[in-house]
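First up is the structure itself, then whatever we jot down about it.
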Amino acid sequence: MSYIFFFIVLIPIIAILSDTVVKMKKLQVQKEGLSTKDKQLLENLLEENKDLKKRLENLEVIALEGSTIALDNPSLKEKELQNQINYLADEIKKLKDSQNPTAPES
């Protein structure tokens, strides 16, 4: 469980640092121009920054959904899915019954 917290804290820090490096590099480019090597480095940093942001969003979703509980206890997730299936089956039956009010129930 502490690893998840570690990643949740680490990823935003890395994303912030990457964004800072990109901004510094852009300022440097504005000041003195850009070599081919610098252009490639900037492109790599921009791509890495995008990847880190996506990873951060994924971690936020995992943390907010409480998926860690389901990972620790797979049977809990199965029960939750079964409850959803039962609920949806009942809703479908109600819809069918409301469309055919004269049809006998089976």
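Going from the sequence shown to this note's numbering is simple: count from 1 and add 78. Ideal Cβ positions, reconstructed from N, Cα and C, are used throughout, including at glycine.
Query	Result
When we look at the beta-carbon of I93 and count the other beta-carbons within 10 Å, is it buried (16 or more) or exposed?	Per the sequence shown, the amino acid found at residue 93 is Ala instead of Ile. Result: buried.
Taking the alpha helix (DSSP H) that N178 belongs to, which residues open and close that run?	Run containing N178: none; DSSP gives neither H nor E here.
When you compare only the Cα positions, how much space is there between M102 and I82?	30 Å
Buried or exposed: which applies to N161, given that a residue is buried once 16 or more other Cβ atoms fall within 10 Å of its Cβ?	exposed
Would a C-beta distance cut-off of 8 Å place N127 and D97 closer than the cut-off?	yes
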